[in-house]
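So the protein lines, in turn, are chains A and B.
When the first sequence is numbered by my numbering, its final residue is 298 and no position is left out of the sequence of numbers.
When the second sequence is numbered by my numbering, its final residue is 659 and no position is left out of the sequence of numbers.
Using N, Cα and C, we set each Cβ at its ideal position, and we do this for glycine too.
Note that the structure is a prediction, hence the values are computed from the model and not measured.
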Amino acid sequence: MEVHRHLDEELDHLRDSVLRLGGEAETALRRAMESLVGRDSAAARAVLDHDDEIDQLEVEVDRQCVDIFALRQPAARDLRFVMSVAKMAPVLERIADHACNIARAALDLNDEPELKNQAQLRHMGEMASSMLGAALDAFTRNDAAAAREVIKRDAEINDLYNRLFHDLIEMMAREPITATRDARLLFVAKHLERIGDYVTDICELNVYMTEAAIIKHKH
Amino acid sequence: MSTTIPTLRPKFEITSRAVLPSRETKIAVDALNFYYGRAQALKDITLTIPARMVMAFIGPSGCGKTTFLRTLNRMNDVIPATRVEGKVMIDGADIYSASADVVELRRKVGMVFQKSNPFPKSIFDNVAYGLKINRLASSRSELEGRVEEALKDAALWEEVKDRLKSSALGLSGGQQQRLCIARALAIRPEVILMDEPASALDPIATSKIEELIMDLKNQYTIVIVTHNMQQAARVSDLTAFFLLGKLIEINTTEKLFTAPDEKVTEDYVTGRFG
């Protein structure tokens with residue numbers, strides 16, 4: 080069945096492309112956090128330099144999705160897969176954008192004395208990275224159960240964010256001289272919290288793709 | 386006329402969450418078997434078709450979808466050595482009962498075929514034919530009115546109103562097919578059966594037929610057999626998938642094409658069948 084073999088090849092190619100985009104977003108996040116907690120400005124610049132390539136990858140995934148919709152008219156599980164990938168690509172690109180924002184914050188903060196809350200941020204960053212990695216693994220394996228487990232972890236990242244938010248506000252009140260740096264860290268924490276939300280979106284798309292169940296706004 | 390709708394065993398539950406308007410049952414088929422000689426072509430088909438909706442039958446060649454369509458107005462009666470078991474109820478009356486009037490049935494259940502088959506007559510006479518032989522118009526002006534109405538309903542009036550006396554054979558393929566639909570509509574049926582009505586037409590003519598189907602469903606119950614899955618997806622509210630003479634799945638079209646319940650349906654609609 081020649082036509083089906085071509086479609087399968089195109090779907091495999093699309094899967095490879097979106098996983099590459101996911102891998103790039105993962106790397107950007109990991110490097111951005113390294114640049115912040117390791118005070119490594121070269122790593123931060125590398126994240127920023129690489130962002131255009133990630134944008135291009137997103138456009139490429141988009142193009143592949145449009146081609147498959149237009150030329151193959153996928154149905155059922157193929158339709159759900161292409162639909163999920165089409166929605167996942169901008170989410171991954173936005174995660175990379177958040178990584179860029181973290182890298183920019185690192186570039187500002189690395190020239191200033193270190194703040195003690197940066198340790199809490201390291202933990203939050205590790206959690207966001209680990210969730211993103213687990214979400215992409217679950218997507219690769221079409222594993223909706225694993226995706227649901229990742230979604231549960233978003234509450235932990237939200238708790239961390241809330242704790243850090245209060246600590247940083249307290250810090251600003253106690254030591255106004257650190258307020259500018261605290262505010263930057265607060266933004267970093269918010270970026271990580273948003274990445275947790277985006278990882279949840281990816282997992283919800285996985286559940287839709289795998290089980291045809293729409294779970295967004297339901298947990 | 387009886388309007389009692391029998392309660393048949395629910396063999397298939399439509400599982401989509403899509404909200405369908407609540408409609409009365411127009412056609413209810415129960416445990417239908419059909420045989421060509423000793424070969425069984427339909428096996429234990431049970432389904433209901435709601436009024437004023439479009440139901441599409443899909444499935445690979447030889448799956449029984451056209452045979453099933455033809456059981457709905459007893460078109461298979463003309464094939465020798467065929468046999469039907471089970472019930473086909475239309476508006477609560479069994480069309481295979483001894484007392485059923487086949488002429489009345491075919492007046493109520495019109496049919497449009499794959500290949501347009503206009504008579505070698507004028508456009509007007511093609512549409513007027515059924516009205517004349519059934520004596521459904523009492524005067525010339527009534528006849529003209531009914532012909533105009535049918536041609537308008539079939540979205541053909543504007544294209545032919547100035548040449549009603551010209552031969553129907555001079556129309557394009559798409560126009561001929563819409564003329565056949567107008568001919569079916571002229572006698573005001575309640576159900577229209579369509580057997581691949583656009584398979585021989587170009588995309589523009591196909592799209593006109595599809596638009597027409599969507600317009601007509603406000604007044605008629607439409608059952609369409611199609612090999613073109615995108616066409617089924619575009620025009621129908623409900624889709625039934627047949628395989629080897631069996632009804633595998635019936636679902637809302639949206640559900641069947643995005644998340645079918647049966648794996649074999651999924652394999653078919655994704656083109657990985659066989």
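Query                                                                                                                                                                                                      : Result
I need the DSSP call for residue 435 (chain B), collapsed to helix, strand or coil.                                                                                                                        : strand
Between the Cα of residue 296 (chain A) and the Cα atoms of A:280, A:285, A:289, which residue gives the shortest distance?                                                                                : A:280
What are the partner residues of residue 507 (chain B), as DSSP defines its beta bridges?                                                                                                                  : B:552
When the Cα atoms are used, what is the spatial distance from residue 116 (chain A) to residue 212 (chain A)?                                                                                              : 20 Å
Cβ-heavy atom distance between residue 486 (chain B) and the ligand PLP below 6 Å?                                                                                                                         : This structure does not include the ligand PLP; it has no bound ligands of any sort.
Mind listing the chain B neighbours of residue 299 (chain A)? Cutoff is C-beta to C-beta under 8 Å, in chain order.                                                                                        : Chain A is shown only over 80 to 298; residue 299 (chain A) falls outside these bounds and no answer can be derived.
Any contact of the segment 232-250 of chain A with the segment 149-164 of chain A, i.e. 3+ C-beta pairs under 8 Å?                                                                                         : no
Within the continuous beta strand (DSSP E) that includes residue 417 (chain B), where are the two ends?                                                                                                    : 410-421
Could you name the residues of chain A that residue 615 (chain B) contacts, counting a contact when the two beta carbons are closer than 7 Å?                                                              : 152
Is residue 419 (chain B) close to chain A, meaning its C-beta is less than 7 Å from at least one C-beta of that chain?                                                                                     : no
Do you know how far the Cα of residue 534 (chain B) is from the Cα of residue 154 (chain A)?                                                                                                               : 39 Å
Decide if the segment 135-152 of chain A is in contact with the segment 85-102 of chain A; the criterion is three or more beta carbon pairs, one per stretch, under 8 Å apart.                             : yes
Apply the 10 Å Cβ neighbour rule to residue 387 (chain B) and answer buried if 16 or more other Cβ atoms are within range, or exposed otherwise.                                                           : Because the pLDDT of residue 387 (chain B) is 40, which lies under 50, any placement of that residue in the model is unreliable, and the question is left without a value.
The beta strand (DSSP E) with residue 625 (chain B) in it runs from where to where?                                                                                                                        : 623-628
Mark residue 310 (chain A) as exposed unless 16 or more other C-beta atoms lie within 10 angstroms of its C-beta, in which case mark it buried.                                                            : Look at the range of chain A in this structure, 80 to 298, and you will see that residue 310 (chain A) is not part of it.
Compare the C-beta of residue 588 (chain B) against all C-beta atoms of chain A and say whether one is closer than 7 Å.                                                                                    : no
Taking only beta carbons into account, state which residues of the segment 167-183 of chain A come closer than 7 Å to chain B, listed in chain order.                                                      : none
Quick check on the burial criterion: 16 or more other C-beta atoms within 10 angstroms. Buried or exposed for residue 103 (chain A)?                                                                       : buried
Given 8 Å as the limit, is there contact between the segment 603-616 of chain B and the segment 443-455 of chain B, that is, 3 or more CB pairs closer than that?                                          : yes
Identify, in the order they occur along the chain, each residue of the same chain with its Cβ nearer than 7 Å to the Cβ of residue 420 (chain B), setting aside the five sequence neighbours on each side. : 426, 467, 468
Within its chain, find whatever has a CB closer than 7 Å to the CB of residue 101 (chain A); leave out the 5 residues flanking it on each side and keep chain order.                                       : 171, 215
Just mark residue 553 (chain B) as buried or exposed, buried being the case when its beta carbon has 16 or more other beta carbons within 10 Å.                                                            : buried
Assign residue 586 (chain B) to one of three DSSP states: helix, strand, or coil.                                                                                                                          : coil
Out of curiosity, what's the CA-to-CA distance linking residue 125 (chain A) and residue 158 (chain A)?                                                                                                    : 36 Å
Suppose contacts are defined by Cβ-Cβ distances below 7 Å. Is residue 639 (chain B) in contact with residue 647 (chain B) by that definition?                                                              : no
Rounded to a whole number of angstroms, what is the C-alpha to C-alpha distance between residue 652 (chain B) and residue 623 (chain B)?                                                                   : 19 Å
Considering residue 474 (chain B), what are the terminal residues of the alpha helix (DSSP H) in which it resides?                                                                                         : Taken as a continuous stretch (DSSP letters only), residue 474 (chain B) belongs to no alpha helix (DSSP H), being part of the beta strand (DSSP E) at 467-475.
With three or more beta-carbon pairs closer than 8 Å as the criterion, would you say the segment 587-596 of chain B touches the segment 425-442 of chain B?                                                : no
Between the C-alpha atoms of residue 550 (chain B) and residue 442 (chain B), what's the straight-line distance to the nearest angstrom?                                                                   : 37 Å
Does the Cβ of residue 493 (chain B) have 16 or more other Cβ atoms within 10 Å, making it buried, or fewer, making it exposed?                                                                            : buried
Give me the Cα-Cα distance between residue 185 (chain A) and residue 259 (chain A), rounded to the nearest whole angstrom.                                                                                 : 13 Å
Indicate whether at least one CB of chain A lies closer than 7 Å to the CB of residue 553 (chain B).                                                                                                       : no
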